[in-house]
Structure formats: C-alpha cells, structure tokens
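Trainee: Would you mind keeping the following structure in view while I ask a few things?
In our numbering, the protein residues as written are 18 to 276.
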C-alpha cells in the first residue's frame, strides 16, 4: 500500500468534534484527489497544537506493522520520533534528559497534565501515573531563545487504536494510537527545563521570573493564560500583545525513522 507524508499546520486536529475541520474530515477528499482505491489511515501524527509530519498509509497491514515498529523501537530504547521546538529561554545544559511521571489532574473546569517527580509503584501499576522521558539537545540559541531537538522515548500508546488516558472522549486532543499518551508531554517537560515552548499558552505560566531569573511554580498556583513575553522579544517577532494570543506553539514533528 501507499505511504504518504504530509506537513500539518498547527491548530489542525487529527480527530475533531462534529462540524470541525480536521484531518479525518479531509482524508476522503485527499484519497479521491490522489486516485487511491483504499482508505487512508493515520500511522503517526502530531497533536492539534503541533505542526509537522503526518504519516498516512492506504494499507491496514502496513499501518499495523509501522505502529508495531514504533512500539518495539521504544522498548529497545531507540528514538524514532524527533521534534524541534523554539523555546523562550536557553537550557542550562546543552543536552540531557527530562525524566518524570505525568498524570491528569482536574483544575477547576479544565483537565491538565502535572508532573509527579517520584511516582509510586502502585500509581504506576494502576496507570494513574505514567513514567515519561524526553531526550533534548540545543541546536542553537540567540536573543534568549533556543532551538531544541526533542526525542520522546516513553508515553506512547500501543497500536490497538485505544487510548491509555483520556479525560473526556469529546475532547479533540484526546490521545489516540498515533499520539503521545499525554499529548502535552513535551510542553510540560519544557517547563521543567524552565524553557517553555514559544506560543505555549497552556503551560508556560508555570515558569515565573524574578529579575530575569526563571523559576518553577507549582501547577496548582498557576492558570492557563496567554504566554508572557518581554517587550524586546515581542519587538523581534513583530507582534503586539493582542497578536500574541494568536501565536501558535512552536513545536514541530520534524523526523520519523522508518524500518
């Protein structure tokens, strides 16, 4: 069967709610335009907020084999998925690993992802908390921002079309077989580096600053808000404070290693 790679813009969900533009709605038209006889299936794709590679297949067997490859690669300690991110702030170390447990937590009317520094064996066994790891490397830095390479090793769902964690089936960011078990894993991990992704209006408020020095705030003490950038960076980006709220998250699925 055919394999097709596309470049997804940020903001486009893979599975949208009724009446919403999504990749799943566009797939039948794409199939007709390409003259394919079989339906297209998503093998791998970034979440709604992210941009980057979408891998599609017109063969069920190929889809299952590739998803099994990604699962096996993770178990072997390999890194077949690579993201690039622009961050506000530069990590103290040029490369390293971010290891933490993650869990869903209700905060008011919203469901958010919070880190668990030392998850207990019972919570891990009951899958209330999932161990996650991201390997990072600084590719470049300028004007207080950095370009990072990110490779998540853990946190992906098995290839059975079933989510591990899902706060609400109606939420279009609900994890699926082609995404991270925690779609926000990389965003949360970047806050632990004190370098939130540019355009992260969900978790960047967890990183505070005093006299220009960043520090981590507890999730319970923060709320979702438009990312705060200093005037110099806003000027370099050519954005007004009003335009900032529409700035997409700069997290891009850059590379997939295939067998």
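The beta carbon of each residue, even a glycine, is placed where N, CA and C say it ideally should be.
These numbers come from a predicted model, not from an experiment.
Can you tell me whether residue 123 is buried or exposed? The criterion is at least 16 other CB atoms within 10 Å of its CB, across all chains shown.
Mentor: Against the chain shown, residue 123 aligns to sequence position 106. So residue 123 counts as exposed.
Trainee: Specify, as a first and last residue, the run of the alpha helix (DSSP H) that residue 85 falls within.
Mentor: As a first step, residue 85 must be located in the chain shown, where it is residue number 68. Start and end: 77-92.
Trainee: The beta strand (DSSP E) spanning residue 273 covers which residue range?
Mentor: Here the question's residue 273 lines up with position 256 in the chain shown. Its beta strand (DSSP E) spans residues 268-273.
Trainee: Please go through the same chain and pick out, in chain order, the residues whose beta-carbon is closer than 7 Å to the beta-carbon of residue 63, but skip the five residues on each side of it.
Mentor: Locating residue 63 in the chain shown gives position 46, counting from the first residue. If we look at residue 63 and ignore the five residues flanking it on each side, its Cβ neighbours are 25, 69, 270.
Trainee: Specify the secondary structure class of residue 262 as computed by DSSP and reduced to three states.
Mentor: For the purposes of this step, residue 262 is taken as residue 245 along the chain shown, with counting starting at 1. Residue 262: coil per DSSP, three-state reduction.
Trainee: At what residues does the beta strand (DSSP E) containing residue 166 begin and finish?
Mentor: Within the chain shown, residue 166 is the residue found at index 149, counting from 1. Where residue 166 is concerned, the enclosing beta strand (DSSP E) stretches over 162-169.
Trainee: How many angstroms separate the CA atom of residue 218 from the CA atom of residue 146?
Mentor: Counted from its first residue, the chain shown places residue 218 at position 201. Counted from its first residue, the chain shown places residue 146 at position 129. Their backbone Cα atoms lie some 24 Å apart in a straight line.
Trainee: Tell me the residue span of the alpha helix (DSSP H) that contains residue 142.
Mentor: For the purposes of this step, residue 142 is taken as residue 125 along the chain shown, with counting starting at 1. Unbroken alpha helix (DSSP H) run through residue 142: 138-142.
Trainee: Please state whether DSSP places residue 208 in a helix, a strand or coil.
Mentor: If you number the chain shown from 1, residue 208 lands on position 191. Looking at residue 208 - three-state DSSP - the assignment turns out to be helix.
Trainee: Compute the minimum distance between the beta carbon of residue 207 and the heavy atoms of the ligand HEM, and state whether it is under 6 Å.
Mentor: Judged by which ligands are present, the structure shown has none, so any question about the ligand HEM falls away.
Trainee: Helix, strand or coil: which one does DSSP assign to residue 213?
Mentor: Your numbering for residue 213 matches position 196 in the chain shown. Of the three classes helix, strand and coil, the one that applies to residue 213 here is coil, per DSSP.
Trainee: Verify whether the separation of the beta carbon atoms of residue 201 and residue 152 is less than 7 Å.
Mentor: Translated into positions along the chain shown, residue 201 becomes position 184. Translated into positions along the chain shown, residue 152 becomes position 135. No. Outside cutoff.
Trainee: Could you tell me whether the Cβ atoms of residue 213 and residue 42 are closer together than 7 Å?
Mentor: Working through the chain shown from its first residue, we reach residue 213 at position 196. Working through the chain shown from its first residue, we reach residue 42 at position 25. No, Cβ-Cβ distance for residue 213 and residue 42 is not below 7 Å.
Trainee: Just verifying my parser: in three-state terms, what is the DSSP assignment at residue 124?
Mentor: Here residue 124 refers to the residue found at position 107 when the chain shown is read from its first residue. Reduced to three states, the DSSP call for residue 124 is strand.
Trainee: Leaving out five residues before and five after residue 44 in sequence, what residues of the same chain have Cβ atoms less than 6 Å from its Cβ?
Mentor: Here residue 44 refers to the residue found at position 27 of the chain shown. Correct list, in chain order: 57.
Trainee: Select from 30, 117, 141, 142 the residue whose C-alpha is nearest the C-alpha of residue 133.
Mentor: Residue numbering aside, residue 133 sits at position 116 when the chain shown is read from its first letter. Of the candidates 30, 117, 141, 142, the one whose C-alpha sits nearest the C-alpha of residue 133 is 117.
Trainee: Look up residue 25 in the DSSP assignment and give the residues it is bridged to.
Mentor: Position 8 of the chain shown, counted from the first residue, corresponds to residue 25. DSSP lists 69 as partners of residue 25.
Trainee: Under 8 Å, with one C-beta from each stretch per pair, do the region 93-101 and the region 152-172 reach the 3-pair mark?
Mentor: Because the criterion of three Cβ pairs below 8 Å is met, the region 93-101 and the region 152-172 touch.
Trainee: Please work out which residues of its chain come closer than 8 Å, Cβ to Cβ, to residue 83, disregarding the five sequence neighbours upstream and downstream, and give them in chain order.
Mentor: On the chain shown, residue 83 is found 66 positions in, with the first residue counted as 1. Result list for residue 83: 60, 61, 72, 74, 275, 276, in chain order.
Trainee: With a threshold of 16 other CB atoms inside 10 Å of the CB of residue 66, please say whether the residue is buried or exposed.
Mentor: As a working mapping, residue 66 is identified with position 49 in the chain shown. Buried, because 16 or more other Cβ atoms sit within 10 Å of the Cβ of residue 66.
Trainee: Please identify the residue among 130, 228, 246 whose C-alpha is closest to the C-alpha of residue 209.
Mentor: On the chain shown, position 192 is the one that residue 209 refers to. Answer by Cα proximity: 130.
Trainee: Mind checking which residues open and close the beta strand (DSSP E) that includes residue 148?
Mentor: Residue numbering aside, residue 148 sits at position 131 when the chain shown is read from its first letter. Its beta strand (DSSP E) spans residues 147-159.
Trainee: Who pairs with residue 115 in a beta bridge, going by DSSP?
Mentor: By one-based count along the chain shown, residue 115 stands at place 98. Answer is 151.
Trainee: Specify, as a first and last residue, the run of the beta strand (DSSP E) that residue 225 falls within.
Mentor: On the chain shown, position 208 is the one that residue 225 refers to. That run of the beta strand (DSSP E) goes 224-227.
Trainee: On a CA-only basis, which of 107, 216, 20, 207 is nearest residue 251? Give me that one, please.
Mentor: Against the chain shown, residue 251 aligns to sequence position 234. It is 216.
Trainee: Return the first residue and the last residue of the alpha helix (DSSP H) that residue 44 is part of.
Mentor: The sequence position of residue 44 within the chain shown is 27, counting from 1. Residues 40-51.
Trainee: Please determine, among 91, 245, 220, the residue with the shortest C-alpha to C-alpha distance to residue 229.
Mentor: Walking along the chain shown from the start, residue 229 turns up at place 212. Considering only alpha carbons, the answer is 245.
Trainee: Starting from the Cα of residue 125, find the closest Cα among 77, 112, 241, 19 and give me that residue.
Mentor: The sequence position of residue 125 within the chain shown is 108, counting from 1. Ranking 77, 112, 241, 19 by Cα distance to residue 125 puts 241 first.
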